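J.:
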Amino acid sequence: MTAAHAEAEAFGVAIDLGRVLERVVVPSEDAADWLPERLSFLLARENYAQYLLAAREGHDIVAGNLVRALFEEAMRWAWVDEDQSQRRTAFLGETVRRHRQVDEAARELGIEPDNYYGPMVADVLAAAEGAMRFPAKIQGQLDWTLGEVDDQLYMQYRLLSQYAHSSLLASASAAEIEKGQLVMGRLPQVARMTLLRNAVANVAVICEGCQAGLVFDGATGGTPLALCAWAAASQVADLVLEFAPGTD
61 MTAAHAEAEA
71 FGVAIDLGRV
81 LERVVVPSED
91 AADWLPERLS
101 FLLARENYAQ
111 YLLAAREGHD
121 IVAGNLVRAL
131 FEEAMRWAWV
141 DEDQSQRRTA
151 FLGETVRRHR
161 QVDEAARELG
171 IEPDNYYGPM
181 VADVLAAAEG
191 AMRFPAKIQG
201 QLDWTLGEVD
211 DQLYMQYRLL
221 SQYAHSSLLA
231 SASAAEIEKG
241 QLVMGRLPQV
251 ARMTLLRNAV
261 ANVAVICEGC
271 QAGLVFDGAT
281 GGTPLALCAW
291 AAASQVADLV
301 LEFAPGTD
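Mind the numbering: the sequence shown is residues 61 to 308 in our numbering, read in order.
1) Please name the residue in D203, M253, G170, L255 whose C-alpha comes closest to that of V138.
2) Using 8 Å as the cut-off, can you tell me whether the region 88-106 makes contact with the region 138-155, which would need three or more C-beta pairs spanning the two stretches below that distance?
3) Measure from the alpha carbon of A134 to the alpha carbon of each residue in V296, R167, A70, A261, then state which is nearest.
4) Under a Cβ-count criterion, where at least 16 other Cβ atoms within 10 Å of its own Cβ denotes burial, should T155 be classed as buried or exposed?
5) If I measure Cβ to Cβ from C39 and keep anything under 6 Å in the same chain, skipping five residues before and after, which residues do I get?
6) With A238 as the anchor, note down where its beta strand (DSSP E) starts and where it stops.
7) Apart from the five residues just before and just after R105, which ones in its own chain have a Cβ nearer than 6 Å to its Cβ?
8) Taking just the CA atoms, how far does L301 sit from T307?
9) Would you kindly report the start and end of the unbroken alpha helix (DSSP H) that includes Q144?
10) Looking only at DSSP bridge pairs, what is L242 linked to?
11) My assumption, with CB atoms under 8 Å, is that A123 sits in contact with A115. Please give the rounded CB distance.
12) Quick one: what's got a C-beta closer than 8 Å to A272's C-beta in the same chain, skipping five residues either side?
13) What distance in whole Å lies between the Cβ atoms of A230 and I121, which are believed to be in contact at a cut-off of 8 Å?
14) If you run the structure through DSSP and keep just helix, strand and coil, what is V184?
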C-alpha cells in the first residue's frame, strides 16, 4: 500500500467514525448530573466534524487547530480517568476560572459580561461549587503515563501547538509557490497523517470519558460507543504507522 492509499483509507475510517458520532444522543434530562460529559462531547463532536471538513477541503492548518483542541480535551479526560469520581469536577472548576477572567476584565471596562454567555453557563457555574482544578501545565495532566509515553504525548502537544497559534513554522510548512506567488497549500503527508491519527484517537479518549452521560442507539449490535471509537483509532493507526512515526 502506498502512502496515498493509506491516507485515503484511514480518512475513510475517520469519516465512518464521524457518522457514528452523529447517532449519539445527548439528553437534556438530568443535565446537572452530566454537564462535563455532555457539554464536552458536544464540543468534541463539533470540532471533529469540522476537522473532517477542513481536511477534506485541504485546509490543513485549520484542521490542525481543531485537532489541537481535541488533543487538549482528550488529555484532560485521560487525567480524569485516573480518579473519575473526584477529577471529573475539574471541568467545572476550569469553567469557573475562565468565566472569572472574562468577568473581571469586562467589568473593569464597563461591559456586561453576561451578554456573551448562553443560559446554561449559569447551570455550570452553579454546579461547580467545590470543584477541583486541572493541573496548570499539560505535563501535570500526563502524570498517569510512563516516561516514554509522556515524552511522545508532549512531543505531539508541541507539534500540534504550532497550528493553534500564529506560527510562521506552520505557514512555512504549507506554503507553496504558484504562478510567482506564495499561496497556502497542503502540509507534508506525514504531518497530515499525524493529525488524522490524533483526531481519531483523541475522539476515542473523549468518548470513553463521556459515554456514561450519553445515549448510543446500539445500531452496531450493542457495541459501546467508546469501543466503536477505539476500533476506528486502532484501524487508523495500523494504516498510517508505516508512513508516519509515533502512531503505534
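Just so it is clear, CB atoms sit at the ideal spot from N, CA and C, and this is done for glycine as well.
None of the values given here were measured: they were computed from a predicted structure.
T.: So, from the listed chains and residues:
1) Just to set this straight, residue 138 is Ala in the shown sequence, not Val. Of the candidates D203, M253, G170, L255, the one whose C-alpha sits nearest the C-alpha of A138 is D203.
2) yes
3) A261
4) buried
5) Here the chain covers residues 61 to 308 and nothing more, so residue 39 does not appear.
6) The residue you asked about is not Ala; residue 238 is Glu in the sequence shown. Taken as a continuous stretch (DSSP letters only), the beta strand (DSSP E) holding E238 covers 235-238.
7) L81
8) For T307, the predicted structure reports a pLDDT of 46, less than 50, and the residue's modelled location is therefore unreliable. A value from the coordinates is still provided. Approximately 5 Å, taken between the alpha carbons.
9) 144-147
10) I237
11) 4 Å
12) W94, E97
13) 6 Å
14) helix
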